[in-house]
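A.B. asks: First, the structure itself, so that you have it in front of you.
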Amino acid sequence: MQANAARPRKEMSQGLLAVFFSAPAVLIIAASILVPFCIAVYLSLHRWNLKRPGREKFIGLENYIDWLGDSDFWEPLQTTFTFAIGSVAVILVVSLLIALLLNEKFPGRGVLRALLLIPWAIPSVVNALLWKWLLNPQYGLVNAVAYELGIITEYQNVLGSMPSVMIWLVIAYSWIHIPLATLLLLSGLQTIPGDIYESAIVDGAGLWQRFAYITFPLLRPMLSIVIIFEMIFALKVFDIIFVLTAGGPADATNVLGWQIYTETFRKLDFGAGSSIAMLLGAITLALAIIFYVFLDRGARPE
Amino acid sequence: MRQHARLRLIVIYVSAAVLMIGTVGPFLWLVSSSFQYERQLLSRPPQWLPNPIVLDSYREIFEGALLGEDSGVPYQSRIFLRSFANSFFVAGSVAAVAVIAGAYAAYPLARLDFRGRSTLLFGILASRLIPGLSLAIPIVLVARQIGMSDRIVTLVFINLSFILPYVIWLLQSYFKTIPMELEDAGRIDGCSRLQVVNRIILPLALPGLTSAAILAFMLSWGEFLFALLLAETPASYTSTVIVSLFATDVDVNYVSIITAGVISVIPPICFALVFQRFIISGLLSGSLKG
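These protein sequences, in sequence, are chains A and B. Everything in the first sequence is counted per my numbering, starting at 157 for the first residue and increasing by one. Everything in the second sequence is counted per my numbering, starting at 4 for the first residue and increasing by one.
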């Protein structure tokens, strides 16, 4: 595939060149991902609590076994899934609708697409602060608008109770994740040739039929990519929890990311923290593979 | 048919208006709030537009940075500008190093034929599947032990490793779009591989490199987990850490909190609007092409 025709003088083999060229990047990645990963595995097999120095001890899989028999693992896991499924669903539906809109030709479309980058550009922590202010129980804009429109008769503390806290957490999280999903779906839509639609219209296909028999099947590979990406992101949610709810009220938003953080950096139990983090990693990886195989096979034309 | 076209336009513009409010509304409310007096902010119904425009909270941040404790402004406001500068340093260094190291790593993946090429590419990408939280524990532990925690250089290094895979992926797909003939011409003229990369590939890939640099800057600007865990003293706080401190502190007044939020999104939002073409093409090519 690569042209070897032009080789004016003797030089290193392509393999050696590749090693030299990629060495700096690969070393950086290895030093701060591969090495820590191995240490994390090591820690997860040990009793290792910074509050009790000098008592580190190899205990095999005990940390893992403890977690699997502990509601402190299963309850956050359930919360994580509730959050992740809710977020992926919201992101998918809303971004599909926006992508369908932006795929139409109308004056002002470019401006809208550019404005979409504003939520995308906002760091997750600032986004959390923004929503904390919007949802403020005494002065928040959401309360004010709902009150002025007569939807509520008094201001609500939506972050103080279930299920409203989960609903608003999903909305706040999705708000900055929708733009990227939209751009991906839009680019998928734009690869669908226009004449397919034209001949469908000639054949008398309505709006819904065109969506169900042309748009949806052809968009399916891109939908799979978006689902897998967003699922992986949502399962490890942390930033927004830290600022908006701190796992509360009463553990209602205690996702695995938050559980790992408190276990490790508040209780200083690095062994237990590492093992639950490994469990989260394994779950994420397993789901990514399952989704990939399942969605990819479904998406491939017969 | 004409009625149909009119209906179509009405549906489109109504949805476009809803989308517009949903996209920029929340952010504009934050900006509007930052220009109000605290008591106006706490009025019911809310005051939609600032009247008069109040710059007190912005002035506080600058005064606090200049005068230190004498200014009498809260602690978070005083150190805010410093953290802002830290964020610039981290994001700028990450963008520069990621693009340079990433470009040289991407070239062999795009153009050379060697054993293990697909394994290398897969390995680089798979490293992104490991959740940052599980890496955070050993990284913090090791950084503390070797005296590298609480330094923003460490943060640059950590951010690099998360951003490099993305940059490499983006650049290798960009390099593949550069016609092979241009490279062959250089080789015939006697350029070594390094010269080919430096004199032909990199100049031609300038739009791709720009996209990668901007994305790298924006991703590291917003990074929070490691910035939080590695920072021990205010000297190494980044703006996201300060914002989280503001947001979780009940004693600080609302206007200061909101202003800190607004200032810390000015750089990424300006970037997003100025470089939107680069960003959109970068985002799409990063995840589309194989």
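We put the CB at the ideal spot given by N, CA and C, even for glycine.
Check Asp116 of chain B in the structure and name its three-state DSSP category.
C.D. replies: Asp116 of chain B falls in the coil class under three-state DSSP.
A.B. asks: My understanding is that Trp276 of chain A touches Ala275 of chain B, with C-beta atoms under 8 angstroms, so please give their C-beta distance in whole angstroms.
C.D. replies: Contact flag correct, Cβ pair sits at about 7 angstroms.
A.B. asks: Below 8 angstroms, can you find three or more Cβ-Cβ pairs linking the segment 408–417 of chain A to the segment 234–251 of chain A?
C.D. replies: In short, these stretches touch, since the Cβ pair count reaches three.
A.B. asks: For Trp172 of chain B, which residues in chain A fall below 9 angstroms Cβ to Cβ?
C.D. replies: Ordered by position in chain A, no residue passes the 9 angstroms Cβ test against Trp172 of chain B, which lies about 11 angstroms from the chain.
A.B. asks: Return the CA-CA distance between Pro457 of chain A and Arg376 of chain A, expressed in angstroms with no decimal places.
C.D. replies: Confidence at Pro457 of chain A is low in this model, with a pLDDT of 47, below 50, so the placement of that residue should be treated as unreliable; the coordinate-derived value is given next. Rounded to the nearest angstrom, the two C-alpha atoms are 10 angstroms apart.
A.B. asks: Per the contact definition of three or more C-beta pairs closer than 8 angstroms, is the segment 188–196 of chain B in contact with the segment 82–93 of chain B?
C.D. replies: Too few Cβ pairs lie closer than 8 angstroms, so no.
A.B. asks: By the DSSP assignment, the alpha helix (DSSP H) with Gln2 of chain B in it spans what residues?
C.D. replies: No answer is possible for residue 2 of chain B: it lies beyond the span of chain B, which begins at 4 and ends at 293.
A.B. asks: Using 9 angstroms as the limit for Cβ to Cβ distance, is Val275 of chain B near chain A?
C.D. replies: One point to set straight first is that residue 275 of chain B is Ala, not Val, in the sequence displayed. True, the Cβ-Cβ gap to chain A drops below 9 angstroms.
A.B. asks: Which residue marks the beginning of the alpha helix (DSSP H) containing Lys288 of chain A, and which one marks its end?
C.D. replies: Where Lys288 of chain A is concerned, the enclosing alpha helix (DSSP H) stretches over 280–290.
A.B. asks: For Leu342 of chain A, which option in B:Ile283, B:Val17, B:Gln79, B:Ser86 has the closest C-alpha, if you only look at C-alpha atoms?
C.D. replies: Answer by Cα proximity: B:Ile283.
A.B. asks: Looking at the unbroken alpha helix (DSSP H) that takes in Gln234 of chain A, where does it start and where does it end?
C.D. replies: Start and end: 227–258.
A.B. asks: If you draw a straight line from the C-alpha of Glu386 of chain A to the C-alpha of Ala442 of chain A, how long is it?
C.D. replies: Approximately 15 angstroms between the Cα atoms of the pair.
A.B. asks: How would you call Leu144 of chain B, buried or exposed, if buried means at least 16 neighbouring beta carbons within 10 angstroms?
C.D. replies: Flag for Leu144 of chain B reads buried.
A.B. asks: Listed from N- to C-terminal order along the chain, which residues in the segment 191–212 of chain B have their beta-carbon within a distance smaller than 7 angstroms of any beta-carbon of chain A?
C.D. replies: Taking 7 angstroms as the Cβ-Cβ cut-off against chain A, the residues of the segment 191–212 of chain B that qualify are Ile191, Gly193, Ser195, Arg196.
A.B. asks: With a cut-off of 8 angstroms on the beta carbons, I'd call Ile171 of chain B and Ile127 of chain B a contact; round off their distance for me.
C.D. replies: 6 angstroms between Cβ atoms; contact.
A.B. asks: Against chain B, does Gln312 of chain A count as a neighbour if the rule is that its beta carbon must be under 9 angstroms from one of theirs?
C.D. replies: Not an interface residue.
A.B. asks: Quick check: is the beta carbon of Ile161 of chain B nearer than 9 angstroms to any beta carbon in chain A?
C.D. replies: Taking Cβ atoms only, chain A reaches closer than 9 angstroms to Ile161 of chain B, which makes this a yes.
A.B. asks: Hey, how far is the Cα of Ala101 of chain B from the Cα of Leu253 of chain A?
C.D. replies: Going from the Cα of Ala101 of chain B to the Cα of Leu253 of chain A covers about 35 angstroms.
A.B. asks: Would you say Gly251 of chain B reaches chain A, if we count a Cβ-Cβ gap shorter than 9 angstroms as a contact?
C.D. replies: According to the sequence provided, residue 251 of chain B is Thr. The question's Gly does not apply to it. Taking Cβ atoms only, chain A reaches closer than 9 angstroms to Thr251 of chain B, which makes this a yes.
A.B. asks: Does the beta-carbon of Ile446 of chain A have 16 or more other beta-carbons within 10 angstroms, so that it is buried, or is it exposed?
C.D. replies: Ile446 of chain A should be labelled exposed.
A.B. asks: Residues of the segment 409–431 of chain A with a CB closer than 9 angstroms to any CB of chain B: list them in chain order, please.
C.D. replies: Correct list: Leu412, Gly413, Ile416, Tyr417, Thr420, Phe421, Phe426, Gly429, Ser430.
A.B. asks: Determine, using beta carbons only, whether Ala255 of chain A and Leu345 of chain A come nearer to each other than 9 angstroms.
C.D. replies: In contact: Ala255 of chain A and Leu345 of chain A (Cβ atoms closer than 9 angstroms).
A.B. asks: For a quick check, are the C-beta atoms of Phe229 of chain B and Gly135 of chain B less than 9 angstroms apart?
C.D. replies: Against a cut-off of 9 angstroms, the Cβ pair of Gly135 of chain B and Phe229 of chain B comes out as a contact.
A.B. asks: Tell me the residue span of the alpha helix (DSSP H) that contains Cys194 of chain A.
C.D. replies: Run containing Cys194 of chain A: 191–200, per the alpha helix (DSSP H) assignment.
A.B. asks: Determine the extent of the alpha helix (DSSP H) in which Ile245 of chain B is found, giving its start and end residues.
C.D. replies: 242–250 is the extent of the alpha helix (DSSP H) around Ile245 of chain B.
A.B. asks: Any heavy atom of the ligand ADP inside 8 angstroms of the beta-carbon of Arg114 of chain B?
C.D. replies: The ligand ADP is not part of this structure, which contains no ligands at all.
A.B. asks: For Gln148 of chain B and Ser188 of chain A, what's the separation of their Cα atoms in angstroms?
C.D. replies: Computed Cα separation, rounded: 15 angstroms.
A.B. asks: Kindly indicate if chain A contains any beta-carbon less than 9 angstroms away from that of Thr3 of chain B.
C.D. replies: Limits of chain B in this structure are 4 at one end and 293 at the other, which puts residue 3 of chain B out of reach.
A.B. asks: With distances taken between CB atoms, is the gap from Met434 of chain A to Ala240 of chain A smaller than 9 angstroms?
C.D. replies: Result no, Cβ atoms of Met434 of chain A and Ala240 of chain A do not sit closer than 9 angstroms.
A.B. asks: Would you call the segment 97–117 of chain B in contact with the segment 148–167 of chain B, where contact means no fewer than 3 C-beta pairs closer than 8 angstroms?
C.D. replies: Output reads yes: the segment 148–167 of chain B touches the segment 97–117 of chain B.
A.B. asks: Would you mind reading off the limits of the alpha helix (DSSP H) that contains Pro210 of chain B?
C.D. replies: Taken as a continuous stretch (DSSP letters only), the alpha helix (DSSP H) holding Pro210 of chain B covers 209–224.
A.B. asks: Are three or more beta carbon pairs between the segment 60–72 of chain B and the segment 319–328 of chain A nearer than 8 angstroms?
C.D. replies: Too few Cβ pairs lie closer than 8 angstroms, so no.
A.B. asks: Determine the burial state of Gly429 of chain A: buried for a count of at least 16 other Cβ atoms within 10 Å of its Cβ, exposed for fewer.
C.D. replies: Burial call: buried.
A.B. asks: Could you give the distance in angstroms between the alpha-carbon of Ser280 of chain A and the alpha-carbon of Asp395 of chain A?
C.D. replies: About 6 angstroms.
A.B. asks: Express the C-alpha separation of Gly211 of chain B and Ser242 of chain B in angstroms, rounding to a whole number.
C.D. replies: C-alpha separation (whole angstroms): 28 angstroms.
A.B. asks: Note down the Cα distance separating Pro232 of chain A from Val175 of chain A, rounded to an integer number of angstroms.
C.D. replies: Spanning the two alpha carbons is a distance of roughly 43 angstroms.
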